[in-house]
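Q: What follows is a single structure, and I will ask about it in a moment.
Protein chains: 2
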Amino acid sequence: MTRQYAEAGVDLEGAEAAKARIGRAVATTRTPLSVGRVGAFGGMVRIPEGMRRPTLVLSTDGVGTKVLVALEAGRFDTVGEDLVNHSVNDILVHGATPIAFMDYIAGSGLGVQEIAGLVEGIARGCRAHQMVLAGGETAQMPGLYRAGTYDLAGTIVGVVEEDAAIHGDAIRSGDLLLGYASTGLHTNGYTLARRIVFERMGLGISDRLGGLDRTVAEVLLDVHRSYFRSVMPVISQLHGLAHITGGGIPGNLVRILPAGCEALVDPASWEPPPLFTILQRAGGISSDEMRDVFNLGVGLIAVLPPEALPAAQAAAAAAGVETWTMGEIRPGEQTVRFARP
Amino acid sequence: MTRQYAEAGVDLEGAEAAKARIGRAVATTRTPLSVGRVGAFGGMVRIPEGMRRPTLVLSTDGVGTKVLVALEAGRFDTVGEDLVNHSVNDILVHGATPIAFMDYIAGSGLGVQEIAGLVEGIARGCRAHQMVLAGGETAQMPGLYRAGTYDLAGTIVGVVEEDAAIHGDAIRSGDLLLGYASTGLHTNGYTLARRIVFERMGLGISDRLGGLDRTVAEVLLDVHRSYFRSVMPVISQLHGLAHITGGGIPGNLVRILPAGCEALVDPASWEPPPLFTILQRAGGISSDEMRDVFNLGVGLIAVLPPEALPAAQAAAAAAGVETWTMGEIRPGEQTVRFARP
Chain A
0 MTRQYAEAGV DLEGAEAAKA RIGRAVATTR TPLSVGRVGA FGGMVRIPEG
50 MRRPTLVLST DGVGTKVLVA LEAGRFDTVG EDLVNHSVND ILVHGATPIA
100 FMDYIAGSGL GVQEIAGLVE GIARGCRAHQ MVLAGGETAQ MPGLYRAGTY
150 DLAGTIVGVV EEDAAIHGDA IRSGDLLLGY ASTGLHTNGY TLARRIVFER
200 MGLGISDRLG GLDRTVAEVL LDVHRSYFRS VMPVISQLHG LAHITGGGIP
250 GNLVRILPAG CEALVDPASW EPPPLFTILQ RAGGISSDEM RDVFNLGVGL
300 IAVLPPEALP AAQAAAAAAG VETWTMGEIR PGEQTVRFAR P
Chain B
0 MTRQYAEAGV DLEGAEAAKA RIGRAVATTR TPLSVGRVGA FGGMVRIPEG
50 MRRPTLVLST DGVGTKVLVA LEAGRFDTVG EDLVNHSVND ILVHGATPIA
100 FMDYIAGSGL GVQEIAGLVE GIARGCRAHQ MVLAGGETAQ MPGLYRAGTY
150 DLAGTIVGVV EEDAAIHGDA IRSGDLLLGY ASTGLHTNGY TLARRIVFER
200 MGLGISDRLG GLDRTVAEVL LDVHRSYFRS VMPVISQLHG LAHITGGGIP
250 GNLVRILPAG CEALVDPASW EPPPLFTILQ RAGGISSDEM RDVFNLGVGL
300 IAVLPPEALP AAQAAAAAAG VETWTMGEIR PGEQTVRFAR P
């Protein structure tokens, strides 16, 4: 079952109304880079004009077992946006602007209404970044997937001037770490979180979570935040960016450190949101494991020279995202160290 | 479990030897378009220099239930190449040259040795097309996948000059249809083929298939052929190209026909390989269903003016691919018609 997003028609078997929803959702993602006459087998998008040495930045990822929470909650309209925003951040850290997205939805017994919900979420995420939803594939494979489940993955295509791409090599001692608030778990740590919430705490998907005034479904399905608007206005002033995904702060920040540099993180500089405290207490999880699995309220870390700090803070504030200075770069051995236990 | 192909190291948990195999396989796919200093979160590839109006052609696809045959046969080194070649053909039909590939491998209980086999097959397909394997994701999700199964999908990125892209709009009455031989089922019709071979015929994966001198595993795992070398030398002379996948000849050829044109296919112009006759007889499948599900030995159809025929035939022959003139374009209503039942 192939969908040809770029085409006028969407070649999906099943309910006409749902197909129309998909078609409308995809149509809303057209951008000035969309190529007008599009063929049936591949989606097309133009490289922006006027670039000297355009370089593509590509990433393929899934949303992991967050889909199981969404299934349990019967919600199909949020995980698509999770997928897109996660992907946007993965190429944003190299300075790239997203131009196109492709999705892959595979499962067993997924209805066309549910697929429409997923595609609408993906399209919403694309629209928010003026990115073409250039194509997608839907596969029903009962032999592979457990009944009633599905997997959701996608590929993002971004573009950056080759000499403007961020690799982390500009990071140097004296740079500051600026943390950007996450909305929750984003898309990592769901296997552990599900075990704690559903097994240890014995909660159902519609129960209130701990002392929070929201249900398990609401809290666990908070949409992965995109940092595109927070970061892009000051991208040329940044020395490095780390998207805090699986592996947490230490596992991701270390990926961009050049030789001779360590990152010193002060855990007292921000307060992890209550969700993380609830999970830690209920699960009896050590602080080290919490740091390795969850983002602890920090979805992105920028490494920047002190003189760039005010502009970076202002850009994030303008985008409605809280930030905090959470540490600095010092001479060391490509490690991430926490200032206190 | 993320892999960062573009990085020096491959971040896969498990056996060091298998990780080294993956690292070596990925390293062999570097091309002149690979960007030297690459960050950890996204893979990078340069747009070829000297293009006036570079346009990306993108496609995401999976290999479907061919993976179940490969699992049954215990073979992990072929489906990766199937995936790449299928994808190459999907953008080739628009005239695009592939420059980068990203894979997505997800499953339950898949070992790192098996993953290494999959990646080696993908890398082989990339190498054959001088395409960078720019990144990949591996996810283990027992909650979604049946034990011991995996799914394999990928995204291809190709590039074409916008005014050289093939959309089928140049097709006109009097054009000829040139068919290119497939190697077998390619990656479509496996649900039906598996039912016929394993249930109706009661064969095991290692049994001889019908009167063929090869086993079920060998025949069903024949690698999807890439038509890149057969077609690229004459691409500018072609009016349209259809990759014959799910939906068969009628379902795919119709996708490129412009208004006012029908395609008349002469089924006597080529002989479907014995595999298809065996499947039809054993399964009691009608000719119509055979045409809608299988490629019947035709993996690609080019639509071209008569004067381009000799060059197109010669290019295919030079690439070792058999071709035949299988019909023509006539005035009509955007349909594919078979000349006799």
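Residue numbers (numbering that gives the first Met the number 0), protein chains in the order written: chain A, 0 to 340; chain B, 0 to 340. Even for Gly, the Cβ is constructed at its ideal location relative to N, Cα and C. Source: prediction; values computed, not measured.
#1: Going by beta carbon distance, what residues of the same chain come within less than 8 Å of A/Val222, once the five residues before and after it are set aside?
#2: Please report the straight-line C-alpha distance between B/Glu160 and A/Gly41, rounded to a whole angstrom.
#3: I want to verify the contact list: residues of chain B whose CB lies under 8 Å from the CB of A/Gly42, in sequence order.
#4: The alpha helix (DSSP H) with B/Phe227 in it runs from where to where?
#5: Please classify B/Gly38 as buried or exposed, where buried requires at least 16 other C-beta atoms within 10 Å of its C-beta.
#6: Can you give me, in chain order, the residues of the segment 194 to 226 of chain B that have a beta carbon less than 9 Å from any beta carbon in chain A?
#7: Which ranges would you report for the alpha helix (DSSP H) in the segment 87 to 157 of chain A if only whole runs of at least 4 residues count?
#8: Given that a residue counts as buried once 16 or more other Cβ atoms are within 10 Å of its Cβ, and exposed if not, what is B/Arg145?
#9: Is B/Ser172 helix, strand or coil by DSSP?
#10: At what residues does the beta strand (DSSP E) containing A/Val302 begin and finish?
#11: Taking the straight line between their C-alpha atoms, what separation do you get for A/His93 and A/Ala69?
#12: Are the beta-carbon atoms of A/Val87 and A/Ile155 separated by less than 8 Å?
#13: Within 8 Å of any Cβ in chain A, is that where the Cβ of B/Glu136 sits?
#14: Straight-line CA distance for A/Leu99 to B/Met140?
#15: Going along chain B, which residues have a C-beta under 8 Å from A/Ala99?
#16: List the residues of chain A that B/Arg45 touches, going by C-beta distances under 8 Å, in chain order.
#17: So B/Asn187 and B/Gly245 are supposed to be a Cβ contact under 8 Å. How far apart are they, rounded?
#18: Should B/His370 be flagged as near chain A, meaning a C-beta pair shorter than 8 Å?
#19: Rounded to whole angstroms, what's the CA-CA distance from B/Thr96 to B/Gly157? Just pull it up for me.
#20: If contacts are defined as beta-carbon pairs under 8 Å, then B/Gly173 and B/Ile255 qualify, I think. What distance do you get, rounded to the angstrom?
#21: Check each residue of the segment 66 to 87 of chain B: if its Cβ is closer than 8 Å to any Cβ of chain A, include it; give the result in chain order.
#22: With a CB to CB cut of under 8 Å and the five nearest residues on each side skipped, what residues in its chain are close to B/Glu270?
#23: Considering only residues of the segment 175 to 237 of chain B, which uninterrupted alpha helix (DSSP H) runs meet the minimum length of 4 residues and lie entirely inside it, listed in chain order?
#24: For B/Gly108, decide whether its Cβ has a neighbour in chain A, counting only Cβ atoms nearer than 8 Å.
#25: Just by C-beta distance, which residues in the segment 125 to 154 of chain A are closer than 7 Å to chain B?
#26: Less than 8 Å between the C-beta atoms of B/Leu263 and B/Ala307, yes or no?
#27: Answer yes or no: does any C-beta atom of chain A fall closer than 8 Å to that of B/Gly342?
#28: Which residue from B/Pro266, B/Ala127, B/Ala311 puts its Cα closest to that of B/Leu28?
#29: To the nearest angstrom, how far is it from the Cα of A/Gly203 to the Cα of A/Gly61?
#30: Report the neighbours of B/Thr64 on chain A: residues whose CB is nearer than 8 Å to its CB, in chain order.
#31: So, B/Thr334 versus B/Glu288, is the Cβ gap smaller than 8 Å?
#32: By the criterion of Cβ-Cβ separation under 9 Å, what are the contact partners of B/Gly61 in chain A?
#33: Name the chain B residues that come within less than 8 Å of A/His93, Cβ to Cβ?
#34: Taking 8 Å as the threshold (beta carbon to beta carbon), is B/Asp89 in contact with chain A?
#35: How do the segment 274 to 283 of chain B and the segment 204 to 211 of chain B stand: do at least 3 beta-carbon pairs fall below 8 Å, yes or no?
#36: Report the residue from B/Ser58, B/Val66, B/Ala115 whose alpha carbon sits nearest the alpha carbon of B/Met101.
A: This is what the structure gives:
#1: Thr77, Glu80, Asp81, Asn84, Thr182
#2: 15 Å
#3: Val56, Leu57, Ser58
#4: 227 to 230
#5: For B/Gly38, the pLDDT reaches just 44, beneath the cut-off of 50, and the residue's location in the model is therefore unreliable, although a value from the coordinates is still provided. Buried, since its Cβ has 16 or more Cβ neighbours within 10 Å.
#6: none
#7: 111 to 127
#8: buried
#9: coil
#10: 297 to 303
#11: 30 Å
#12: yes
#13: yes
#14: The residue you asked about is not Leu; residue 99 of chain A is Ala in the sequence shown. So the two alpha carbons sit approximately 27 Å from each other.
#15: Leu55, Leu57
#16: Arg52, Pro53, Thr54, Leu55, Glu161
#17: 5 Å
#18: As displayed, chain B neither begins before 0 nor continues past 340, which places residue 370 of chain B out of reach and without an answer.
#19: 5 Å
#20: About 16 Å; that fails the 8 Å criterion.
#21: Val66, Leu67
#22: Gly296
#23: 189 to 193, 215 to 219, 227 to 230
#24: no
#25: Ala133, Gly134, Gly135, Glu136, Ala138, Met140, Gly142, Leu143, Tyr144, Arg145, Thr148, Asp150, Ala152, Thr154
#26: no
#27: Here chain B has residues from 0 to 340 only, and residue 342 of chain B is not among them.
#28: The displayed chain sequence assigns Thr, not Leu, to residue 28 of chain B. Nearest option by C-alpha distance: B/Ala127.
#29: 25 Å
#30: Met140, Gly142, Leu143
#31: no
#32: Tyr103, Ala105, Glu136, Ala138, Met140
#33: Gly38, Phe40, Gly41, Met43
#34: yes
#35: yes
#36: B/Ser58
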